[in-house]
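*Asks:* In our numbering, the protein residues as written are 965 to 1355.
Here it is: the structure, laid out below.
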Amino acid sequence: MYFGANNLPYVRTGNGFSTLRDDAWARTELEAATTSRPDSLRGGTVSMRHTKIAFDRDGDVYVMASCAGKGTYLHSTDGGKTFTAYEVPGANGTMDIEQFSGHNTPDGPPPFVRFRRTKRDPKLRWRSLNDLELFVPRKVDGRIEVGQPILISRVCIGLSAHSGIPSSVVSRGSKVHVAWGEATDPAEKVPGVPTYVVTYDRETGTLGEPALIGYGPPANDVHNSPSITMDSDGRLHVLVGTHGRPFQYASSLEPNDAQSGWTEPVPAGKKLNQTYIGFVCGKDNTLHVVFRLWRSGEPFPASTHATLAYQRKRPGQPWEPPKVLVTAAFSEYSVFYHRLTIDRMGRLFLSYDYWSTHWFYRNDHFGKRRAVLMSPDGGDTWKLADATDLK
965 MYFGANNLPY VRTGNGFSTL RDDAWARTEL EAATTSRPDS LRGGTVSMRH TKIAFDRDGD
1025 VYVMASCAGK GTYLHSTDGG KTFTAYEVPG ANGTMDIEQF SGHNTPDGPP PFVRFRRTKR
1085 DPKLRWRSLN DLELFVPRKV DGRIEVGQPI LISRVCIGLS AHSGIPSSVV SRGSKVHVAW
1145 GEATDPAEKV PGVPTYVVTY DRETGTLGEP ALIGYGPPAN DVHNSPSITM DSDGRLHVLV
1205 GTHGRPFQYA SSLEPNDAQS GWTEPVPAGK KLNQTYIGFV CGKDNTLHVV FRLWRSGEPF
1265 PASTHATLAY QRKRPGQPWE PPKVLVTAAF SEYSVFYHRL TIDRMGRLFL SYDYWSTHWF
1325 YRNDHFGKRR AVLMSPDGGD TWKLADATDL K
């Protein structure tokens, strides 16, 4: 669930999304809804790249898509009924657009980043080299100028987004902040994937110096994608991704600025087996994160099992212990393909599915079992969402 400036919910369905219009769900198929496109995108089918749906302060809707083998930036001025397509210049790659995470509604078109793999590592499955590029689109006479890519890093480790779908970008005013992890020389002894944040200034067109936030173990593992958000004061908050270790947390010393220093990174807890960050900031500046948490013991006393767990950090307080929201149906490997979002009222929404490594479960229960939990009270209680929660 992603919530527009008017707090109407948008949710991906098929090759498009559905939203509430006049108290009824209306579905938009992107190919049919794309009523204007350049010649370079003609002859191809417009297809949605991921689940994120973004908005600006005017209430316009934005979606990252693909068409004719090219990256495509979609813009709607009528709530998502129709779209205009714009080609993203340069080679195609993985895209991540800034979405609302609590206190960031861009004044104009949401910025986005592109991850373009340049080299695989045949010896390390989770290591590759990627060019990380930032795009800062703008509105000109009612149309979008996507702009040229701004190179951030040539050794980015990539983006892990099938679960958690972390936020790579957050912005306020003229400042755009990007968080990413980097690959390192396998022969080099490092405590994990180094995580950086950098600030780009729209007004001056300048890119600041990257700030090293911390390390997410183990090294050279793309699972360790970080996530960034900001609070009501503009202070930046980053969770450094890990693969089966405690997340590392740090915040900026100055609001809306990645270059003036950061707090020392601290673990989100002791001996936590955490992976796949979903991260937002509440109206009271409480930080909320949902992730996969491995556990041992009941209800599988002879094995480990996966859970979908929730944590929060109130302002000025340490991270609270995890609260398990969903326990896997079986032991051994599981994943939940989860997405944590927040609406304009500060309510939490958690979409999740369940995949088990046991083939008989997948065969006997074929299909998707996606559901949405919601918390109306900042994580104190959770329930299955229903129609009354979306009004």
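Beta carbons: idealized from backbone N, C-alpha and C, even for Gly.
1) Taking the alpha-carbon positions, what's the Phe1079 to Asp986 distance?
2) Report yes if the CB atom of Lys1034 is closer than 8 Å to the CB atom of Leu994, and no otherwise.
3) Comparing the C-beta of Gly1242 with each C-beta of chain B, is any distance below 8 Å?
4) Sort Asp1085, Phe1064, Ala969, Arg1102 by Cα distance to Gly1072 and report the nearest one.
5) Just to confirm, are Met1012 and Met1059 a CB contact at a threshold of 8 Å?
6) Identify the continuous alpha helix (DSSP H) that holds Asn1327 and give its terminal residues.
7) Counting pairs of beta carbons, one from the stretch 1272-1279 and one from the stretch 1247-1263, are three or more of them closer than 8 Å?
8) To which residues of the same chain is Arg1210 closer than 8 Å at the C-beta, ignoring the five residues directly before and after it?
9) Whose C-alpha, out of Val1154, Ala1293, Val1161, is nearest the C-alpha of Gly1180?
10) Which residue marks the beginning of the beta strand (DSSP E) containing Glu1109, and which one marks its end?
11) Tell me whether Asn1188 sits in a helix, a strand or coil according to DSSP, three-state version.
12) Select from Glu1262, Leu1257, Arg1089 the residue whose C-alpha is nearest the C-alpha of Pro1285.
13) Looking at Phe1300 and Leu1272, is the spacing between their C-beta atoms short of 8 Å?
14) So which of Ala1175, Arg1118, Leu1098, Ile1017 has the shortest CA-CA distance to Gly1111?
15) Run through the DSSP bridge pairs and tell me what Lys1277 is partnered with.
16) Can you tell me whether Ala1351 is helix, strand or coil according to DSSP?
17) Kindly list the residues whose CB is nearer than 7 Å to the CB of Gly1066, restricted to its own chain and excluding five residues on each side of it in sequence; keep chain order.
18) How would you write the range of the alpha helix (DSSP H) that Leu1236 sits in, first residue to last?
19) Which partner residues of Met1359 appear in the DSSP bridge assignment?
*Replies:* For this structure:
1) Taken atom to atom, the span from the alpha-carbon of Phe1079 to that of Asp986 is near 38 Å.
2) no
3) Among the protein chains of the structure shown there is no chain B, as only one such chain exists.
4) Arg1102
5) no
6) 1323-1328
7) yes
8) The amino acid occupying residue 1210 in the given sequence is Pro; Arg does not appear at that position. So the list reads Pro1231, Ala1232, Gly1233, Lys1234, Lys1235, Leu1236, Gln1238, once near-sequence residues are dropped.
9) Scanning Val1154, Ala1293, Val1161 for the CA closest to the CA of Gly1180 turns up Val1154.
10) Residues 1107-1109.
11) helix
12) Leu1257
13) yes
14) Leu1098
15) Beta-bridge pairing by DSSP links Lys1277 to Leu1251.
16) helix
17) Thr1193, Val1244, Cys1245, Gly1246, Ile1306
18) Here Leu1236 belongs to no alpha helix (DSSP H), and DSSP marks it neither H nor E.
19) No information on residue 1359 is available, as it lies outside the stretch 965 to 1355 that the chain covers here.
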